[in-house]
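Notes follow the structure.
What follows is the structure, encoded as structure tokens:
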């Protein structure tokens with residue numbers, strides 16, 4: 001009997017800037033069309049999603065601005081383009097929801113993370129409404145207040 005291979009688990013890359021710049025309202029899981037060298041690079045964790053976004057055109061979704069660094073050993077015979085646009089695989093209903101929502105003013109579609117789902121690489125895309133500068137400051141203030149509260153609770157019994 002053949003030995004079962006262990007599937008990689010966990011998050012490959014996250015886009016923390018998207019959570020800072022947008023109110024995330026709805027999330028979708030999408031597959032990605034990748035080349036062999038890209039999968040090997042993602043196994044090594046060589047991905048960045050900082051300025052990535054999702055472009056919706058002609059009934060398809062494309063991931064633009066993501067950077068997958070090619071491994072020097074894996075892509076010797078292929079000319080690798082680290083920032084090429086990659087097709088996202090979504091079903092028709094999800095695409096229609098995204099198209100309708102992006103048509104509204106202030107909504108954008110961004111990639112929030114890349115992760116393993118069994119042996120497949122999935123892209124979590126989110127529908128977000130842009131934050132104003134005062135919203136970003138308010139979120140930061142709430143996060144700092146929460147940290148202070150946690151510190152106070154943790155150190156309450158330790159004071160002399």
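In UniProt numbering, the protein residues as written are 1 to 160. Ideal Cβ positions, reconstructed from N, Cα and C, are used throughout, including at glycine. Quick caveat: nothing in here was measured; it's all calculated off a predicted structure.
For residue 139, three-class secondary structure by DSSP: helix
Three-pair Cβ contact test at 8 Å for the region 115-127 versus the region 31-40: yes
Rounded straight-line distance, which links the Cα of residue 35 to that of residue 13: 18 Å
Separation of residue 90 from residue 111, as counted between CA atoms: 13 Å
Alpha-carbon spacing of residue 32 relative to residue 138, whole angstroms: 35 Å
Residues near residue 61 by beta carbon distance below 6 Å, same chain, minus five either side: 54, 88 and 90
Within the region 95-127, ranges of the alpha helix (DSSP H) (whole runs, at least 4 residues): none
Beta-carbon proximity list for residue 68, same chain, < 6 Å, skipping 5 on both sides: 38, 41, 47 and 82
Option nearest residue 116 by Cα separation, candidates 97, 103, 25 and 43: 43
Cβ-Cβ distance between residue 127 and residue 100 below 8 Å: no
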